[in-house]
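Asks: One structure coming up, written as structure tokens, with questions to follow.
Residue numbers (UniProt numbering): 1 to 587.
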């Protein structure tokens with residue numbers, strides 16, 4: 001469900017991907033076949049994640065893993081997906097998008113074959129992490145190829161909208177596909193299905209996707225991979241893994257144990273080290289250039305981007321396990337009951353044109369308000385009979401609100417960014433979506449397990465605590481958006497204040513120049529007076545000009561100075577004193 005902007009207002013960032021080259025024309029049939037390929041890849045990334053929610057209960061029983069460990073099956077994919085999205089756009093530019101796209105899909109297929117044959121939990125988690133890295137290669141490269149194929153603005157906008165909508169469809173169909181395989185085969189077929197679709201996409205890519213030239217040619221003489229921020233991304237990935245390990249271990253081992261506190265402390269230090277390292281390397285190489293955080297509204301929009309996937313993933317995880325393990329619903333029944341989530345998400349994904357008439361701030365606040373109401377309803381859905389009065393309306397309100405928040409945060413974050421940074425900002429935005437999901441679901445699962453262990457006789461206690469925690473996160477996001485996001489009118493007020501400051505600075509500069517002219521005139525008179533007395537002419541001193549900013553003594557070669565004599569020494573001392581005085585002047 002990783003989608004780019006969906007309105008024509010947002011085409012300028014994506015159009016930068018063609019770098020001003022004259023695009024090649026393709027027939028309508030070929031364009032839409034290529035669009036099908038790109039949408040299949042987007043669909044596959046969504047299915048690769050959501051299908052496992054239906055399979056988790058069977059996977060736990062088959063591999064003998066507990067609920068906290070099963071979180072890693074989801075989080076491992078999302079963590080590496082989020083981290084490597086930060087450099088996948090750069091890889092696409094350096095090595096050309098066709099290579100990145102085809103290679104990412106092919107590697108994803110190979111890894112999925114191996115995951116289907118894995119018999120140990122560690123192997124599954126490692127392969128899921130590797131598949132996240134491969135999947136991250138497909139999103140920026142697919143966008144780069146898409147905008148080079150669809151060059152007409154209106155047609156391009158529709159293509160981008162459909163590309164994003166396929167993610168929403170993939171999330172719902174993934175639940176159903178996973179449920180069908182679990183019901184009639186086994187969980188391994190979830191991975192093998194991904195491998196089969198990836199193989200088809202790879203063959204179609206090789207045959208039909210047009211060849212592309214690299215858009216970036218590194219200035220250094222070394223290998224191309226030297227222009228990638230591999231060190232920074234590695235530091236960030238390690239930090240996130242340690243952080244999630246600490247969170248997921250806390251409920252089982254105790255929050256005060258060294259095995260929890262040490263990785264938690266180290267992860268915080270490593271995040272700081274990542275941002276410090278980003279200041280040391282050239283901005284064009286940095287995965288997260290420091291100047292990005294100073295873009296208008298960027299920080300609050302980044303925080304908002306952490307929310308939508310966090311909300312959806314919490315719903316999928318909590319209710320999949322609750323309905324299958326506690327209520328003994330079938331996997332297919334569970335997936336069918338979640339269909340409203342996908343329907344509303346897909347419907348709201350086409351609300352982009354609203355941003356032309358309404359400031360994104362108010363649309364995002366509306367979406368977050370819907371999330372508040374939905375999350376409160378879910379906290380009281382403590383039985384199978386509560387689906388229609390509580391869960392169904394919560395799914396409708398919550399999924400619609402999450403998609404409004406997602407879509408218009410996407411729009412707003414691109415509006416605030418210059419076209420030259422569109423690729424970087426897009427990668428950070430999509431990385432934030434996955435990061436919020438990975439970290440959030442780890443926190444929710446840990447909290448849920450801790451509460452349920454303390455209250456074993458209250459069957460819905462852990463889920464209720466998870467939803468109250470989720471409500472707190474949504475509330476903080478709502479307040480942050482309301483307080484810190486600057487609308488167009490507020491930005492205009494700020495610009496007006498900036499202009500007032502600029503005028504005051506200009507007046508001060510003008511006064512400084514007048515004072516400078518007065519000082520230069522005074523010094524000129526002093527030098528002329530000294531020359532009139534015959535003290536300075538023999539050293540070749542010039543009268544200061546009014547258009548220079550510093551008056552200094554003209555150097556004299558040693559052999560041109562008078563040799564010896566008392567008068568010569570006195571004159572030399574007088575010249576040095578005058579030189580020091582002039583050089584120490586405020587000019």
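We put the beta carbon where it would ideally sit given N, CA and C, even for glycine. Because the structure is a prediction, the values reported are computed rather than measured.
Who are the near neighbours of residue 237 in its chain, counting only those whose CB is closer than 6 Å to its CB and skipping five residues on each side?
Replies: Numbered from 1 along the chain shown, position 237 holds the residue referred to as residue 237. Counting only Cβ-Cβ distances below 6 Å, and skipping sequence neighbours, we find 83.
Asks: Hey, residue 170 and residue 260: beta-carbon distance below 8 Å or not?
Replies: Here the question's residue 170 lines up with position 170 in the chain shown. Here the question's residue 260 lines up with position 260 in the chain shown. No, the Cβ-Cβ distance between residue 170 and residue 260 is not below 8 Å.
Asks: Measure the alpha-carbon distance for residue 62 versus residue 362 and round it to whole angstroms.
Replies: Against the chain shown, residue 62 aligns to sequence position 62. Against the chain shown, residue 362 aligns to sequence position 362. C-alpha separation (whole angstroms): 47 Å.
Asks: Tell me which residues share the same chain as residue 297 and place their Cβ nearer than 7 Å to its Cβ, disregarding the 5 neighbours each side in the sequence.
Replies: On the chain shown, position 297 is the one that residue 297 refers to. Cβ within range, chain order: 412, 416, 485 and 486.
Asks: Does the distance from the CB of residue 400 to the CB of residue 348 come in under 8 Å?
Replies: In the chain shown, the residue the question calls residue 400 occupies position 400. In the chain shown, the residue the question calls residue 348 occupies position 348. Against a cut-off of 8 Å, the Cβ pair of residue 348 and residue 400 comes out as a contact.
Asks: Starting from the C-beta of residue 149, find all residues in its chain whose C-beta is less than 7 Å away, skip the five residues before and the five after it, and write them out in chain order.
Replies: Translated into the one-based positions of the chain shown, residue 149 becomes position 149. If we look at residue 149 and ignore the five residues flanking it on each side, its Cβ neighbours are 26, 31 and 34.
Asks: Between which two residues does the alpha helix (DSSP H) containing residue 197 stretch?
Replies: Here residue 197 corresponds to residue number 197 of the chain shown, with the count starting at 1. Per DSSP, residue 197 belongs to the alpha helix (DSSP H) from 188-208.
Asks: Using only CA atoms, which one of 156, 142 and 86 lies nearest to residue 28?
Replies: As a position in the chain shown, residue 28 is number 28, starting the count at 1. Among 156, 142 and 86, the Cα nearest to that of residue 28 belongs to 156.
Asks: By how many angstroms is the C-alpha of residue 108 removed from the C-alpha of residue 40?
Replies: Indexing the chain shown from 1 puts residue 40 at position 40. Indexing the chain shown from 1 puts residue 108 at position 108. Those two C-alpha atoms are separated by around 13 Å.
Asks: Going straight from the alpha carbon of residue 424 to that of residue 270, what length do you get?
Replies: Position 424 of the chain shown, counted from the start, is the residue given in the question as residue 424. Position 270 of the chain shown, counted from the start, is the residue given in the question as residue 270. Using only the alpha carbons, I get a separation of about 21 Å.
Asks: Considering only residues of the same chain and omitting the five flanking positions on each side of residue 341, which have a CB-CB separation below 6 Å?
Replies: In the chain shown, counting from the first residue as 1, residue 341 sits at position 341. So the qualifying residues of the chain are 395 and 399.
Asks: What residue range is occupied by the uninterrupted alpha helix (DSSP H) comprising residue 98?
Replies: Counted from its first residue, the chain shown places residue 98 at position 98. First-last of the alpha helix (DSSP H) with residue 98: 97-117.
Asks: Span of the alpha helix (DSSP H) holding residue 141?
Replies: Translated into positions along the chain shown, residue 141 becomes position 141. Looking at the DSSP string, the run of the alpha helix (DSSP H) that includes residue 141 is 138-149.
Asks: Give, in chain order, every unbroken run of the alpha helix (DSSP H) that is at least 4 residues long and sits entirely within the stretch 387-421.
Replies: For the stretch 387-421, whole alpha helix (DSSP H) runs of length 4 or above, ordered along the chain, are 392-415.
Asks: Look at the alpha carbon of residue 204 and the alpha carbon of residue 369, and state the distance between them as a whole number of angstroms.
Replies: On the chain shown, position 204 is the one that residue 204 refers to. On the chain shown, position 369 is the one that residue 369 refers to. Using only the alpha carbons, I get a separation of about 43 Å.
Asks: Grab the span of the alpha helix (DSSP H) containing residue 311 for me, first residue to last.
Replies: Here residue 311 is taken as the residue at index 311 of the chain shown, counted from 1. Residues 307-321.
Asks: Taking the C-alpha atoms as reference points, what is the distance between residue 43 and residue 49?
Replies: By 1-based counting over the chain shown, the position of residue 43 is 43. By 1-based counting over the chain shown, the position of residue 49 is 49. Rounded to whole angstroms, residue 43 to residue 49 spans 10 Å at the Cα level.
Asks: Measuring alpha carbon to alpha carbon, tell me which residue in 318, 193 and 360 is nearest residue 467.
Replies: Position 467 of the chain shown holds residue 467. Looking at the Cα atoms, 318 is the closest of the given residues.
Asks: Using a Cβ distance threshold of 8 Å, determine whether the stretch 307-323 contacts the stretch 52-66, with at least three qualifying pairs required.
Replies: Yes, the stretch 307-323 is in contact with the stretch 52-66.
Asks: So which of 433, 393 and 275 has the shortest CA-CA distance to residue 292?
Replies: The residue given as residue 292 occupies position 292 in the chain shown. Among 433, 393 and 275, the Cα nearest to that of residue 292 belongs to 275.
Asks: Apart from the five residues just before and just after residue 182, which ones in its own chain have a Cβ nearer than 6 Å to its Cβ?
Replies: By 1-based counting over the chain shown, the position of residue 182 is 182. 54, 55, 58 and 331.
Asks: Using DSSP with H/G/I as helix, E/B as strand and the rest coil, what is residue 526?
Replies: As a first step, residue 526 must be located in the chain shown, where it is residue number 526. Correct three-state label for residue 526: helix.
Asks: Using only the alpha-carbon positions, how far apart do residue 128 and residue 118 sit?
Replies: By one-based count along the chain shown, residue 128 stands at place 128. By one-based count along the chain shown, residue 118 stands at place 118. Rounded to the nearest angstrom, the two C-alpha atoms are 11 Å apart.
Asks: So does the stretch 74-90 actually touch the stretch 222-241, counting three or more Cβ pairs closer than 8 Å?
Replies: Flag = yes, the stretch 74-90 and the stretch 222-241 touch.
Asks: Looking at C-beta atoms only, is the number of pairs between the stretch 436-455 and the stretch 109-116 that lie closer than 8 Å three or more?
Replies: Not touching, per the Cβ criterion.
Asks: With a 10 Å radius around its C-beta and 16 neighbouring C-beta atoms as the bar for buried, classify residue 483 as buried or exposed.
Replies: As a first step, residue 483 is located in the chain shown; it is residue number 483 there, counting from the start. That one is exposed.
Asks: Please report the straight-line C-alpha distance between residue 178 and residue 465, rounded to a whole angstrom.
Replies: For this step, residue 178 is matched to residue 178 along the chain shown. For this step, residue 465 is matched to residue 465 along the chain shown. Approximately 28 Å, taken between the alpha carbons.
Asks: Nearest-angstrom Cα distance between residue 248 and residue 360?
Replies: For the purposes of this step, residue 248 is taken as residue 248 along the chain shown, with counting starting at 1. For the purposes of this step, residue 360 is taken as residue 360 along the chain shown, with counting starting at 1. Straight-line Cα distance between these residues: approximately 35 Å.
Asks: Output the distance between the C-alpha atoms of residue 93 and residue 133, rounded to the nearest integer angstrom.
Replies: The residue given as residue 93 occupies position 93 in the chain shown. The residue given as residue 133 occupies position 133 in the chain shown. If I take the Cα positions, the gap works out to 17 Å.
Asks: Pick from 372, 120, 287 and 143: whose alpha carbon is nearest that of residue 73?
Replies: Residue mapping note: residue 73 aligns to position 73 of the chain shown, counting from 1. Closest option to residue 73, Cα to Cα, is 120.
Asks: Have a look at residue 404 and residue 364 and give me their C-alpha separation to the nearest angstrom.
Replies: Looking up residue 404 in the chain shown gives position 404. Looking up residue 364 in the chain shown gives position 364. So the alpha carbons of these two residues sit roughly 6 Å apart.
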